[in-house]
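Chemist:
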Amino acid sequence: MRRYMDLLFFGGERREKQSAPPTVWRRLFHIVAGSSIPIAGLFLTETTMVWALSVLAAGGLVLELARFNLPWLNRIYTGLLAPLLKSDEAGHITGATYMVIAALLVYVLFGEVVAIPAMFFLSLGDPAAALVGRRMPGPRIMGKSPLGTAAFIGVGAGIAAVLIGANGIEHHWAIWVGAGVAGVVELASIPPDDNLAVPLLAGTAMHFLGV
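Everything in the sequence shown is counted per my numbering, starting at 25 for the first residue and increasing by one.
1) Nearest-angstrom Cα distance between Ala-203 and Thr-47?
2) Less than 8 Å separating the beta-carbons of Ala-142 and Ala-198?
3) Could you give the distance in angstroms between the alpha-carbon of Ser-60 and the alpha-carbon of Thr-69?
4) Can you tell me whether DSSP reads His-116 as helix, strand or coil?
5) Around the C-beta of Gly-187, are 16 or more other C-beta atoms found within 10 angstroms, so that it is buried, or is it exposed?
6) Who are Ile-165's beta bridge partners in DSSP?
7) Express the C-alpha separation of Pro-95 and Glu-88 in angstroms, rounding to a whole number.
8) So what's Glu-70 in DSSP terms, helix, strand or just coil?
9) With Glu-136 as the anchor, note down where its alpha helix (DSSP H) starts and where it stops.
10) What did DSSP end up calling Tyr-28 once you bin it into helix, strand or coil?
11) Given a cut-off of 8 Å on the beta-carbon distance, is the pair Leu-80 and Ala-90 in contact?
12) Assign Ala-190 to buried or exposed, taking buried as 16 or more other Cβ atoms, counted over all protein chains shown, within 10 Å of its Cβ.
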């Protein structure tokens, strides 16, 4: 039971230390794969997105459970995807799986009007925070730079402006608040994974503020 609780809340064995910085390939994958979800949402119906994300999330979880219980499968998986994985993801649910689960949850709970900006905040804001935060001197909060958080929020605000200006979503002041919440959540590093926490908490904030 303890093993499955750790799997649910921590993605596997508890992460005691920060993993190594993500590779360039992982960051590019995060941007491309993460952005493909809200981009698809701009063109596909909400029902289609929910079904597609349900299939992807279920498939991802089945694969995660299978590789955790079959060491040979885990070796193949981590060997093939090594450039895209964090150093500790051999024993943890991957960020990509959490991202798909988060996308499904925000679509089901809040609808596309919240899900689209929330997923863009994650896919573009998170890499911006990492890129700026790791290179900037100054104080750290929980190992992260506040300047990285500022970059995240700035990118999120830019995303909101583009989506609203292009009539991708209707304007609502709470979308700007959502960008700020997303940045703060990324800074806080709430378990089990930023890819789950950022869209869910930013989406919750936007939803309850009236988006």
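All residues carry an ideal CB built from backbone N, CA and C; glycine is no exception.
Modeler: Walking through what the data contain:
1) Counting from one through the sequence shown, the residue named residue 203 turns up at place 179. Counting from one through the sequence shown, the residue named residue 47 turns up at place 23. Cα to Cα, Ala-203 sits roughly 25 Å from Thr-47.
2) Taking the sequence shown and counting its residues from 1, one reaches residue 142 at position 118. Taking the sequence shown and counting its residues from 1, one reaches residue 198 at position 174. Contact: no.
3) Position 36 of the sequence shown, counting from 1, holds the residue named residue 60. Position 45 of the sequence shown, counting from 1, holds the residue named residue 69. Roughly 15 Å separates the two Cα atoms.
4) One-based indexing of the sequence shown puts residue 116 at position 92. His-116: strand per DSSP, three-state reduction.
5) To locate residue 187, count along the sequence shown from 1; it is residue 163. Sequence inspection shows Leu at residue 187; the Gly mentioned does not correspond to that position. Leu-187 is buried by the Cβ-count criterion.
6) Here residue 165 corresponds to residue number 141 of the sequence shown, with the count starting at 1. In DSSP, Ile-165 forms a bridge with Lys-168.
7) Here residue 88 refers to the residue found at position 64 of the sequence shown. Here residue 95 refers to the residue found at position 71 of the sequence shown. If you take the alpha carbons of Glu-88 and Pro-95, they lie about 11 Å apart.
8) Within the sequence shown, the letter at position 46 stands for residue 70. Three-state result, Glu-70: helix.
9) Residue mapping note: residue 136 aligns to position 112 of the sequence shown, counting from 1. Where Glu-136 is concerned, the enclosing alpha helix (DSSP H) stretches over 136-144.
10) Looking up residue 28 in the sequence shown gives position 4. For Tyr-28, the pLDDT reaches just 47, beneath the cut-off of 50, and the residue's location in the model is therefore unreliable, leaving the point undetermined.
11) Here residue 80 refers to the residue found at position 56 when the sequence shown is read from its first residue. Here residue 90 refers to the residue found at position 66 when the sequence shown is read from its first residue. For Leu-80 and Ala-90, no; Cβs fall outside 8 Å.
12) Along the sequence shown, read from residue 1 onward, the residue named residue 190 stands at position 166. It is exposed - the Cβ of Ala-190 has fewer than 16 other Cβ atoms within 10 Å.
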